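Visitor: I have a structure I would like to understand better, so I am pasting it below and will then ask my questions one at a time.
In this note's numbering, the protein residues as written are 25 to 254.
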């Protein structure tokens with residue numbers, strides 16, 4: 025862990041889901057801090073609240089209470105209309121299911137993300153190409169997404185998440201359903217992004233292999249972090 029100012033600070037984050045007369049505290053008073061260049065791995069059993077926590081950190085789900093500071097901005101206090109701008113420019117998301125446009129090429133998938141953010145033309149093409157080369161996909165730029173392996177698809181997903189140069193990368197089970205070799209490639213890419221580019225990565229996963237590249241490993245169970253990490 026570095027001594028730099030934190031890119032991410034979470035304070036007493038809680039999410040309660042209510043159904044009729046019953047309620048479930050999916051995330052219960054979670055606090056954590058992650059700095060530039062740090063890879064934080066959050067593990068725990070299924071149903072422990074990992075994905076709920078990650079979606080609140082990324083501003084996709086509003087907490088019942090608590091605070092999420094990304095580069096000093098409390099996104100939990102923002103208006104719904106203000107959140108898309110923060111997500112576009114400060115947060116990159118990597119999903120287990122890739123969410124690629126299968127009929128488009130590898131480069132076009134990244135360009136689409138740039139176009140949505142207002143980056144077009146040669147600037148979008150050049151940035152997409154650079155990101156994909158950094159992800160080790162220089163030989164796959166013109167391939168259709170449907171023709172890639174699972175590991176290659178995940179690397180495209182990571183390149184797309186970095187399209188707008190966010191400081192914070194959030195990854196939900198990024199190595200799930202990948203074999204050992206492709207899982208290792210994704211792990212190495214996350215490591216390089218954090219250590220060589222100073223990005224902060226928060227990863228939720230069941231995959232114990234990710235402990236090899238993580239600076240901090242936390243255990244979440246019943247919505248609460250285990251004291252002292254794991």
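Virtual Cβ for every residue (Gly too), placed ideally from N, Cα, C. Just so you know, these numbers come straight off a predicted model, no measurement behind them.
Assign residue 140 to one of two classes, buried (16 or more other C-beta atoms within 10 Å of its C-beta) or exposed (fewer than that).
Guide: Stepping through the chain shown from its first residue, residue 140 is reached at position 116. Under this definition residue 140 is an exposed residue.
Visitor: Can you give the beta carbon distance from residue 126 to residue 187, rounded, assuming they're within the 8 Å contact cut?
Guide: Counting from one through the chain shown, the residue named residue 126 turns up at place 102. Counting from one through the chain shown, the residue named residue 187 turns up at place 163. Incorrect: roughly 18 Å between the Cβ atoms, too far for contact.
Visitor: In whole angstroms, what is the alpha-carbon distance linking residue 37 and residue 60?
Guide: Walking along the chain shown from the start, residue 37 turns up at place 13. Walking along the chain shown from the start, residue 60 turns up at place 36. C-alpha separation (whole angstroms): 21 Å.
Visitor: Quick one, which of 191, 232 and 181 has its alpha-carbon nearest residue 204's?
Guide: As a first step, residue 204 is located in the chain shown; it is residue number 180 there, counting from the start. When each option's Cα is compared against that of residue 204, the closest is 232.
Visitor: Taking DSSP as the reference, what is the three-state secondary structure of residue 54?
Guide: Along the chain shown, one-based indexing puts residue 54 at 30. Residue 54 falls in the strand class under three-state DSSP.
Visitor: Thinking C-beta only, is residue 180 closer than 7 Å to residue 220?
Guide: For this step, residue 220 is matched to residue 196 along the chain shown. For this step, residue 180 is matched to residue 156 along the chain shown. The answer is no: Cβ separation not under 7 Å.
Visitor: Would DSSP call residue 229 helix, strand or coil?
Guide: Counting from one through the chain shown, the residue named residue 229 turns up at place 205. Residue 229: coil per DSSP, three-state reduction.
Visitor: Run through the stretch 101 to 147 for me and flag every whole alpha helix (DSSP H) of 4 or more residues, listed as ranges in chain order.
Guide: 107 to 114 and 130 to 140, all fully within the stretch 101 to 147.
Visitor: Could you spell out the range, first to last residue, of the alpha helix (DSSP H) harbouring residue 29?
Guide: For the purposes of this step, residue 29 is taken as residue 5 along the chain shown, with counting starting at 1. Run containing residue 29: none; DSSP gives neither H nor E here.
Visitor: For the candidate residues 121, 142, 214 and 54, whose alpha-carbon lies nearest to that of residue 91?
Guide: Residue 91 sits at position 67 when you count from the first residue of the chain shown. Considering only alpha carbons, the answer is 54.
Visitor: Does the Cβ of residue 178 have 16 or more other Cβ atoms within 10 Å, making it buried, or fewer, making it exposed?
Guide: If you number the chain shown from 1, residue 178 lands on position 154. Under this definition residue 178 is a buried residue.
Visitor: Where does residue 214 sit, in a helix, a strand or coil, going by DSSP?
Guide: Here residue 214 corresponds to residue number 190 of the chain shown, with the count starting at 1. DSSP places residue 214 in helix when its eight states are reduced to three.
Visitor: From what residue to what residue does the alpha helix (DSSP H) around residue 237 run?
Guide: Numbered from its first residue, the chain shown carries residue 237 at position 213. No alpha helix (DSSP H) contains residue 237, which DSSP labels as neither H nor E.
Visitor: With C-beta atoms as the reference, is residue 165 less than 7 Å away from residue 189?
Guide: In the chain shown, the residue the question calls residue 165 occupies position 141. In the chain shown, the residue the question calls residue 189 occupies position 165. Cβ distance not < 7 Å, so residue 165 and residue 189 don't count as in contact.
Visitor: In chain order, what residues of the same chain have a beta carbon less than 8 Å from the beta carbon of residue 245, not counting five sequence neighbours either side?
Guide: What you label residue 245 is simply residue 221 of the chain shown in a count that begins at 1. If we look at residue 245 and ignore the five residues flanking it on each side, its Cβ neighbours are 68, 69 and 72.
Visitor: Rounded to the nearest angstrom, how far is the Cβ of residue 83 from that of residue 56, given a contact under 8 Å?
Guide: Reading the chain shown from its first residue, position 59 is the one you call residue 83. Reading the chain shown from its first residue, position 32 is the one you call residue 56. With a Cβ gap of about 16 Å, residue 83 and residue 56 do not count as contacting.
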